[in-house]
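Following my numbering, the numbering of the sequence shown begins with 1280 at its first residue and continues without gaps. A quick write-up on the structure given underneath.
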Amino acid sequence: MKSNLKNKQNNIDSAASKKKNYLYVSLIVVIWLLTYVLWDLVLFKHNLGWDEVSYLSVAKGIAKDFDFSSRSYTIMGLLKHGYPTNLINFPVFSIYLATFFKLFGFSLKVAYFSTWFAALGVCILIYFIFLTISENSHKLAFIVAMSYLYSPGIIKNCNTALMEQVGCLLLCLMVFFILRDYVKGKFDYFTVLKFSFSFLILWLYKSLFIGYFFGAFVFICLAYNSKIIGKKIETKIPLPVFLLLSYGLFVVLYYVLMKFVFLPVAPMMNFSPAQENSQIYADFLGGFFNNFSVNLLRNIDFFFKAILGPYIIYPTSIDDRTGPYVNYTADILTMTSYYFFVGIYFFVFLLMLVLTFALWKNLTSVEKIFISLVVGTIICFNLIFNFLFMTYIYNVWRYNVYSLPLYLCYLGIIAKNIFPYKRPFISDHPHVTKVLAFMFIVFIYVPLFLSSTIHFLRFEKGFHERAMINAQLIRSVIKNTDAKFVYMNDGTHTVFDDYPVRWIFKDATNEQLLQVNKILPSPIDFLFLRPSDWLFKNNQELISKGAPIIDGQYVLYGLNQDAHLVVYKLNKKV
């Protein structure tokens, strides 16, 4: 009798939970849709600019001709890996974009909708991840999910074709499936496969997920340790075997895909100015281990001066010793909001860590192991990223966005567990509580939200204008020719609309360019040279006379005084 009553009560609870899920998921979709219409279709312009150019052009090639190769190539990448290749990343994100292009047509509106759609998926997954961690907390799960969409910078990031939103979607999906296995209390060989495939998918998508590999290691080890977590996992697989299979299978699968499925991936640059300038090519970690001690000390020095320094005496980043990125860190008006974001992000993170130790006994086993995953992921990523690469504050914020969904779930867990301590104050001082909440929104959240949006728009405008100038220059030259390859040593070029023209960049000597022409299926058709380019300097005397250059293979085609460009065309008679 008692068993029947218990089953009946469980069915009632399950039905009530489903109704709440339908309600809150519907609310998430409605709020997302209203936000999309307001910000994407009404307020924001579609300004194509920076990294997204590369992803969009590859996606267009996949959707149109099932061509997965890159539209952009570096000189050293071609010399090292040949042709064709992918640049920087495997085309996982471009495949996602290509799916939308195939369904809805080729346009920036479609590309940006795909990013908004991914953000919707992230919000829904955050909701269910939080419910997996903390049952029956539907309202709080909804608040955490919406806090992601309305975090400073996220809405504007949705209005791009950058990789962050789809990356967050993949991470949330992987974590959701893994957490479900832990909640069930059983690890088997299917769990091993889930970990291996999560490593594989995230690594193929972007190597910035390297922190997740360490976070997952902590997760697995603690799942086997019932003394720390308070819950024993049922499994017949010993811990060393589980780890070996999970990571080993990932390595095998990655090797197979890299060797037999995907084209080679060529890095765009080294994260060492000295190596970049001397063209010391590096496939692994931007050449960090080419000169380990020097690179490590230099990167640590840069981190303390350009990243950490401004929090002590602002702006210590304006210093020639910070290296080639000084122009970014010296741009106070653009970077100020990102110093605030990163500062608040890590201040709250450290505060959550302190509170985690204080609340540890009150946390459930699922909360404990999830927090361990998040902490391991965030700490390991930032140690690796900031000490292995010389970067600037905007990228520190941008790349931490990938773990923001997990970060917000962590924040929600802490908020839920400290609420009983705050309840008496809220009950005794309801009006004061409302005033404090109002002050937080008006004086902290709104300024950060608006600043992030305005500064993002300024960044985007600069890159867009630069990209359009480059595109117009190239289009005015190649016109209706059948040019397949152009050389222009600039960081950004709008190739999305110029498909299938491919773009070669980075400095080259005469000999290297001749080698590249032998590697390509047809030689580079046009050279767009600036006075700062190696090719210009190597041929300066001939250029000043208007004579052919590079063994007579290229003849003068025209000049552009405004852009400080000289254009040479392939002499097909040679």
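In this text, a Cβ means the ideal position worked out from N, Cα and C, and glycines have one as well.
Output the distance between the C-alpha atoms of residue i and residue j, rounded to the nearest integer angstrom.
| i | j | result |
| --- | --- | --- |
| T1670 | P1684 | 23 Å |
| L1793 | V1337 | 26 Å |
| K1538 | V1633 | 45 Å |
| E1646 | L1428 | 23 Å |
| L1576 | L1662 | 14 Å |
| Y1590 | I1672 | 12 Å |
| K1511 | D1460 | 13 Å |
| L1382 | K1816 | 48 Å |
| L1264 | D1346 | Because residue 1264 is not part of the residues shown, which for the chain are 1280 to 1853, the question remains open. |
| M1631 | S1293 | 32 Å |
| P1709 | A1424 | 25 Å |
| L1419 | L1404 | 14 Å |
| T1364 | L1532 | 20 Å |
| M1759 | V1780 | First, the residue type needs correcting, since residue 1759 is Asn and not Met in the sequence shown. The alpha-carbon atoms of N1759 and V1780 are separated by roughly 12 Å. |
| R1600 | A1842 | For R1600, the predicted structure reports a pLDDT of 44, less than 50, and the residue's modelled location is therefore unreliable. The matter cannot be settled from this model. |
| C1750 | S1731 | It is Ala, not Cys, that sits at residue 1750 in the sequence shown. Going by the C-alpha atoms only, they are around 28 Å apart. |
| S1477 | D1467 | 16 Å |
| A1694 | F1717 | 18 Å |
| G1356 | F1660 | 26 Å |
| S1596 | A1390 | The pLDDT assigned to S1596 is 47, lower than 50, so where the model puts this residue is not dependable; a value taken from the coordinates is nonetheless given after this. C-alpha separation (whole angstroms): 36 Å. |
| F1581 | N1368 | 26 Å |
| K1463 | L1690 | 24 Å |
| K1797 | H1360 | 13 Å |
| Q1832 | Y1766 | 14 Å |
| G1527 | F1620 | 37 Å |
| H1743 | I1753 | 15 Å |
| Y1604 | I1508 | Residue confidence is low: Y1604 scores 44 on pLDDT, short of 50, so the model does not pin down where it sits. Its coordinate-derived value is still stated next. If I take the Cα positions, the gap works out to 44 Å. |
| I1822 | Q1791 | 19 Å |
| D1761 | K1388 | 28 Å |
| F1918 | V1316 | Past the boundaries of the shown model lies residue 1918; the chain is included only from 1280 to 1853, so the question cannot be answered. |
| S1801 | L1536 | 28 Å |
| Y1686 | L1838 | 52 Å |
| Y1362 | L1524 | 35 Å |
| P1546 | T1615 | 30 Å |
| A1746 | K1343 | 23 Å |
On a CA-only basis, which of the options is nearest residue i? Give me that one, please.
| i | options | result |
| --- | --- | --- |
| L1358 | Y1491, F1666, F1668, P1543 | P1543 |
| L1736 | V1309, S1293, F1323 | F1323 |
| F1764 | V1795, H1743, M1747 | V1795 |
| E1443 | V1497, F1385, L1320, F1372 | F1372 |
| L1483 | G1446, A1694, L1806, I1705 | G1446 |
| I1803 | S1525, G1464, K1851, I1733 | K1851 |
| A1787 | I1354, D1330, I1307, Y1334 | I1354 |
| F1421 | V1304, I1341, S1801 | V1304 |
| N1300 | V1654, V1846, S1755, I1408 | I1408 |
| S1386 | S1426, S1348, S1731, E1331 | E1331 |
| I1657 | V1680, R1702, I1516 | V1680 |
| D1830 | S1811, N1789, K1797 | N1789 |
| F1625 | I1586, L1642, F1571 | I1586 |
For residue i versus residue j, is the C-beta spacing smaller than 8 Å?
| i | j | result |
| --- | --- | --- |
| N1326 | E1739 | yes |
| K1848 | V1834 | yes |
| W1676 | Y1724 | no |
| I1412 | F1628 | no |
| N1438 | D1319 | yes |
| F1488 | L1450 | yes |
| L1667 | N1768 | no |
| L1799 | L1808 | no |
| S1351 | F1728 | no |
| L1410 | V1308 | no |
| V1471 | F1529 | no |
| V1845 | V1756 | no |
| L1349 | L1366 | Note that residue 1349 corresponds to Ser in the displayed sequence, not to Leu. Yes. Within cutoff. |
| L1652 | F1492 | no |
| S1682 | G1490 | yes |
| K1339 | F1379 | no |
| L1638 | I1697 | yes |
Taking DSSP's pairing of strands, which residues face residue i in a bridge?
| i | result |
| --- | --- |
| I1828 | Y1833 |
| N1436 | Looking at the DSSP assignment, N1436 forms no beta bridge with any residue, so it has no partner. |
| R1781 | F1764 |
| F1807 | M1767, V1846 |
| S1351 | W1782 |
| A1545 | L1366 |
| N1839 | L1844 |
| E1513 | K1465 |
Could you tell me whether the Cβ of residue i comes closer than 8 Å to any Cβ of chain D?
| i | result |
| --- | --- |
| K1343 | No chain D appears in the structure shown, which is made up of a single protein chain. |
Exercise. Taking the runs of the beta strand (DSSP E) that are 3 residues or longer, which of them lie wholly in the region 1649-1678?
Worked result: none
Problem set entry | Within the region 1403-1475, ranges of the alpha helix (DSSP H) (whole runs, at least 4 residues) | 1417-1428, 1433-1437, 1443-1463
For this session: Would you list, in sequence order, the uninterrupted alpha helix (DSSP H) runs of no fewer than 4 residues that lie entirely inside the region 1326-1381?
Result: 1331-1344, 1354-1360
For this session: List in chain order: all unbroken alpha helix (DSSP H) runs of 4+ residues lying wholly within the region 1721-1761.
Result: 1725-1757
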